[in-house]
Amino acid sequence: MDDYAIGVLTNIALFSFIALSAYLLLIAGEMSFGQQAFFGVGAYAGGILTTLYAWPLPLAALAAMALGAVAQFLVALPTLRLRGLHFAMATLAAAEMARILFELMHWRREIDGELAGPDGTQGFRGIRWIFEHGIEPLHYLGIVGVLLALVLALFLMIERSKLGATLRGVGLDPELAASVGIDVQRIKLGVAAAAGALAALGGVLYAHHNTYIEPRNFDIMLGVHSLAYALIGGLGTAFGPLLGVLLDIGTLESTRVFHGYRMIVFGGLVALVLVYRPRGLLDERTVQWLRQRFS
Amino acid sequence: MIADLVQNTLDGLSAGATYALLALGFTLIFGVLRRANLSFGPAIMFGCYAATWTHVNFGAGLLLLALITVSGAVLAGAYVERLCFAPHRGGSAIAAMVASFALWMQFEELATLIMPRHLYAFPLLYEGDPLALGPFTLRIDALAMLGAALAACLALWWTLYRTRFGLAVRALIEQPAAAALAGINVPWVFVRVFALASAIGGVAGYLVVASHGQITPMLGMWATLKGLLAMMLGGLGSLPGAVIGGLALGLIEAHTQWYLGPQMRDLIAYLLLFVLLAARVPWMTTRSAS
């Protein structure tokens, strides 16, 4: 495989994490405009730990996930009872605050004779852990791919379990769910923490793949893109968000046929697909049909 | 000290008047459709780019440019309505919103295809010196902006409160089911509301671009974010609330920018929105949003 193909595949896998975090929230009935914040928290926290404090990447990733979970839990706690656009705007407000805080953050130390670390709007350069440890791009793609596969397996397991049914129940009708004894608030807080951890994991891996991040990477565009990926791919299965990312980054970026017109083609396609399939390509009904067909 | 306060208040009011127009456009669409149109700002940007293109290639007067901006915004708004909102009427709100985001991407790419530079000059509304009144300076274009925004607000008020179409719109906002039963042609009202909202947005877009004297592709995102913020602050779906929210946002921004700088200005605006939403202040959460 050439470097370009490896790069495209790695990007598809990286953005699948944030798309899955948006999907998890959608399943539980919440629409977030703010997943980019937790992706960013993961990217900055992981980058700081490996670059400034020489933590090994796996440990830094775990710490970043914990921080992402706590961050989204704290955002969810006061906004739990908001619905629809109110909730979406609250998450957007939190995410824009996070982006501005990244802009205000100057946390630089001298490492090997050079200043390293986040430098406000100038960005955060030199997140070189994977190069310093001799990890080749293909090897890194393998690591990211295995992590994504693990996350997917976890999703598929949960969706087949009672917990999965509970999540969808809370998403479809919270009042009904509460009336049959489900603690809706606890479920939603748990979902928020899990989504935060998932987005942060994507962020850590993204920062180490790119070696450079800046606050602008984590603006509303990323958040709404992840929401769009989840919806286009379909809300019937955790493969949906992956399909969404694959369609956008994979097909359109790698074929390059639509060079310069990529968003015009993709944007129109998305709007048209949603006319006929408002819950995405792999919606609940299609997934049901596929399951009956192949089992 | 007091002079700063007064000066910032004047500046804040004139920026707030534009925010109020953006919020009114958003509120009209949200009020009748119960859906957020993320492409509202990008449609305005499309109108502004159409005007800039005309200006760069043929040169045109201020009035003609304003006309092109508004008609471009209405045209783009009609495209958004047909592709994102008409098919999802009574259906999924999230699908309509994500579809409107997809068209946002289209508008942004279209803008950079037609006009590839990052920044273009736009004819200024007024190029002379500002008026000096004692310790205060009054920017003529800021005054014109305030005046035009007020005129647009009045025209909108007249349309909504003194015409049969306005009655139908208000009925649909307050009691959608009853309004449909009373024989209001709902799809037709939707189309016209979209056109009206886009026209108001076009006026706001023209005023912003002409007072800054330049245009970048960031205009679309800027208009959508400011419009959403002002609409939410004033209470989702309330027309007087949109005006109050817009003016309040303008005033808060002007004062915080003066004392704390542009980054803190945005931080405080979003913090305020977050805290008010979390506190579920009554005027913000009375209307349910789907």
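Taken in sequence, the protein lines are chains A and B. To convert, take the position in the first sequence, counting from 1, and add 24; that gives our numbering. To convert, take the position in the second sequence, counting from 1, and add 635; that gives our numbering. Where a beta carbon is used, it is the ideal one built from N, C-alpha and C, also for glycine.
- Within the same chain, Tyr684 and Trp688 come within 7 angstroms of Ile749/B by CB-CB distance, once the 5 residues on both sides are set aside.
- His890/B is positioned such that its CB atom lies closer than 8 angstroms to that of Gly647/B.
- DSSP, reduced to helix, strand and coil, places Phe909/B within a helical segment of the structure shown.
- At a cut-off of 8 angstroms between beta-carbon atoms, Glu716/B makes no contact with chain A.
- Under the three-pair Cβ rule at 8 angstroms, the stretch 892-900 of chain B does not count as touching the stretch 687-701 of chain B.
- By a beta-carbon distance limit of 8 angstroms, Leu697/B contacts Pro758/B. Their separation comes to about 6 angstroms.
- Nearest to Asn672/B by alpha-carbon distance, out of Met680/B, Gly660/B and Pro875/B, is Gly660/B.
- Here DSSP, grouped into helix, strand and coil, assigns Phe148/A to strand.
- Note that the C-beta distance between Ala904/B and Ile887/B is below 8 angstroms.
- Chain-ordered, the chain B residues with CB closer than 7 angstroms to the CB of Leu106/A read Leu912.
- Two segments are said to touch when three or more pairs of C-beta atoms, one from each, lie closer than 8 angstroms; by this definition the stretch 232-247 of chain A touches the stretch 111-123 of chain A.
- One Cα belongs to Ile256/A, the other to Glu762/B, and the distance between them is close to 48 angstroms.
- When C-beta distances to chain B are compared with 8 angstroms, the residues of the stretch 281-292 of chain A below that value are Gly284, Tyr285, Arg286, Met287, Ile288, Phe290, Gly291 and Gly292, in chain order.
- In terms of Cα proximity to Ile679/B, the closest of Leu656/B, Pro917/B and Phe665/B is Leu656/B.
- Secondary structure at Leu768/B: strand, using DSSP grouped into helix, strand and coil.
- For Leu267/A, no CB of chain B lies under 8 angstroms from its own CB, so it is not counted at the interface with that chain.
- By the Cβ rule, the stretch 37-53 of chain A counts as touching the stretch 177-197 of chain A, because three or more pairs are nearer than 8 angstroms.
- Taking the CA atoms as reference points, Ala734/B sits about 10 angstroms from Glu716/B.
- Judged by their CB atoms, Gly837/B and Val667/B are not nearer to each other than the 8 angstroms cut-off.
- Look at Ala671/B: its C-beta is under 8 angstroms from a C-beta on chain A.
- Assignment of Glu888/B by DSSP, reduced to helix, strand and coil, places it in the helix class.
- Phe263/A is a Cβ neighbour of Leu306/A, given a cutoff of 8 angstroms.
- Any Cβ of chain B closer than 8 angstroms to the Cβ of Arg303/A would place that residue at the interface, and such an atom is present.
- As DSSP reads the structure, Tyr755/B sits in a beta bridge with Ile850/B.
- Between Leu116/A and Gly64/A, the CB-CB gap reaches or exceeds 8 angstroms.
- About 15 angstroms separates the beta carbon of Ala865/B from that of Leu842/B, a gap too long to meet the 8 angstroms contact definition.
- Taking C-alpha positions only, Ala728/B is separated from Arg670/B by approximately 6 angstroms.
- Just so you know, the alpha carbons of Leu109/A and His163/A end up roughly 41 angstroms apart.
- Straight across, the Cα-Cα distance linking Leu882/B with Tyr654/B is about 7 angstroms.
- Inter-residue distance for Leu196/A and Ala173/A is about 27 angstroms (C-alpha atoms, whole angstroms).
- When Ala216/A, Ile30/A, Met89/A and Ser203/A are compared, the shortest CA-CA separation from Leu101/A is found for Ala216/A.
- Distances from the CA of Ala713/B to each of Leu700/B, Leu911/B, Gly840/B and Leu738/B were compared; the closest alpha carbon is that of Leu738/B.
- Taking 8 angstroms as the cut-off, the Cβ atoms of Thr34/A and Val168/A count as close.
- Legend: CB atoms of the stretch 92-104 of chain A lying less than 7 angstroms from CB atoms of chain B belong to residues Pro102 and Thr103.
- Residue-level contact by beta carbon holds for Leu251/A and chain B, with a gap shorter than 8 angstroms.
- Closest in alpha carbon position to Leu868/B, among Gln642/B, Ala803/B and Thr662/B, is Thr662/B.
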